[in-house]
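Novice: Residue numbers (this note's numbering): 490 to 798. Just so you know, even glycine gets a beta-carbon here, dropped at the ideal spot from N, CA and C.
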Amino acid sequence: MDLTLSDIRLIRKIAERGRMADVARELRLSPASVSARLKAAEDSLGAPLFLRTTRSLSLTEEGRRFLAASDGLVSAWEGLGKAVRGQQDEMAGPIRITASYDIGASHIAPVLQAFQADFPGVVLDLHLDDAVVDVVGGGFDIAIRSGALPDSRLKVRHLARGRRLVVASPAYLVTAGTPRTPWDLAEHRCIVRRAGGVVVDDWYFEQDGRTVAVRVPLSLITNDGAQTRRWALAGAGIALKSWLDVAEDLQAGRLVSLLPDWMLPAMPLHLVSPPRSPEPRRVTVLKERLIAHFQTLNSFSYPATGISP
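1) Can you say whether valine 656 is buried or exposed, counting buried as having 16 or more other CB atoms within 10 angstroms of its CB?
2) Please state the DSSP three-state secondary structure of tryptophan 692.
3) Going by Cα to Cα distance, which pick from Leu499, Ala728, Val600, Val745 is closest to arginine 682?
4) Taking the runs of the beta strand (DSSP E) that are 3 residues or longer, which of them lie wholly in the segment 543-630?
5) Using beta-carbon positions only, say whether alanine 702 and aspartate 691 come within less than 7 angstroms of one another.
6) Once DSSP output is grouped into helix, strand and coil, what is the label at arginine 669?
7) Comparing alpha-carbon positions, which option in Gly582, Ser746, Gly685 lies nearest proline 609?
8) Pair every Cβ in the segment 501-513 with every Cβ in the segment 521-538, then say whether three or more of these pairs are closer than 8 angstroms.
9) Rounding to the nearest angstrom, what Cα-Cα distance links aspartate 560 and arginine 541 in this structure?
10) With 16 as the cutoff for other CB atoms within 10 Å, does serine 762 come out buried or exposed?
11) From which residue to which residue does the alpha helix (DSSP H) around leucine 722 run?
12) Leaving out the 5 sequence neighbours to the left and right, which residues in its chain are closer than 6 angstroms to alanine 632 when beta-carbon positions are compared?
13) For alanine 702, which three-state DSSP category applies?
14) Please return the same chain residues whose Cβ sits closer than 8 angstroms to the Cβ of arginine 653, not counting the five positions on each side in sequence.
15) Considering only C-alpha positions, which residue in the set Tyr661, Asp673, His616, Ser635 is nearest to arginine 650?
16) If I'm right that aspartate 591 touches alanine 715 with Cβ under 8 angstroms, what's the distance once you round it to whole angstroms?
17) Run the CB neighbour count on alanine 721, radius 10 Å, all protein chains shown included, and call it buried at 16 or more, exposed below.
18) Tell me the residue span of the beta strand (DSSP E) that contains arginine 653.
19) What are the start and end residues of the beta strand (DSSP E) that includes arginine 642?
20) Can you pull the DSSP bridge partners for threonine 711?
21) Under three-state DSSP, which class holds alanine 728?
22) Leaving out five residues on either side along the sequence, give the residues of the same chain with a beta carbon under 8 angstroms from the beta carbon of leucine 499.
23) Are serine 533 and leucine 494 touching if we call contact CB-CB under 7 angstroms?
24) So what does DSSP say about methionine 509, is it helix, strand or coil?
25) Sort Gly726, Ser589, Gln696, Phe783 by Cα distance to proline 706 and report the nearest one.
26) Measuring only the C-alpha atoms, how far is valine 735 from leucine 562?
27) Beta strand (DSSP E) containing leucine 540: first to last residue?
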């Protein structure tokens, strides 16, 4: 049987109107086209649905059974469409988000908490991982990423320049002294990040248009950016961190920015999402909230430090 939903609706409309000419006029089809479609449907079912006279149509017993059986099918189909469209348009349903540990905990999680309070029908699933994840393959709606974006399939919005700093706690500097040049780091304990299985112990600095690379000594290594910050706060050594991760610590005096005459290459922060259309409204609204959050940060510098993103 090759009946389509369109065929079923046509048969039901013929039964309702009682005349193929009326149905043809309503659907803007020719009477011959309506008649041919009805005949094809009956052939597919293997039974006549209507008794035809020159003036009208009347249902056969098979036709009455067909109408009764198709009631639930049409209702279920229409309900399915409403459910899908409703979740696209309404603020309800799941959203999966991925971000690094530090950015996720400090910036993304508070935005999500406020968003869910405003839209309790939305279920937010936050995946924290410093490794780069497959946004499309992992089924994520939104990803917050820093650095290069090799996947050209993704939709991208810039969030922040991603300034990076070398920082340490006042307690560490009291005992170990303050480095004045990048090369002084060789005499210090350094907290180093492992990214994608690679230990990132070459730190790059820029000054007056030149870039220098300094290989720092290995004291503590972790693949968790949040742990890097915790060790720095505890006075365990000098760390390289994003401004976004340590801005409040700098403002509060828990950390100190070092080597003020040198800049580190920025790691731009982006919001990326799969290239789907249409995008569920709940995802669009959350993206707008996240973009607004970082726009506020970008326009702000902490007066105690003069440091901005």
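Specialist: So, from the data block:
1) Buried.
2) If DSSP states are grouped into helix, strand and coil, tryptophan 692 belongs with the strands.
3) Here the closest residue by C-alpha is Ala728.
4) 546-548, 582-588, 611-617
5) yes
6) coil
7) Gly582
8) Yes, the segment 501-513 is in contact with the segment 521-538.
9) Looking at the two C-alpha atoms, the distance is approximately 23 angstroms.
10) buried
11) 714-722
12) Thr587, Val624, Val761, listed in sequence order.
13) strand
14) Leaving aside the five residues that flank arginine 653 on each side, the residues in its chain whose CB is nearer than 8 angstroms to its CB run, in chain order, Leu729, Lys730, Ser731, Trp732, Leu753, Pro754, Ala755, Met756.
15) Ser635
16) 5 angstroms
17) buried
18) 653-657
19) Taken as a continuous stretch (DSSP letters only), arginine 642 belongs to no beta strand (DSSP E), as it is neither H nor E.
20) Arg682, per the DSSP bridge assignment.
21) strand
22) Val512, Leu516, Val523, Arg526, Leu527, Ala530
23) The Cβ-Cβ distance between serine 533 and leucine 494 does not fall below 7 angstroms.
24) helix
25) Looking at the Cα atoms, Gly726 is the closest of the given residues.
26) One alpha carbon belongs to valine 735, the other to leucine 562, and they sit about 58 angstroms apart.
27) 539-541
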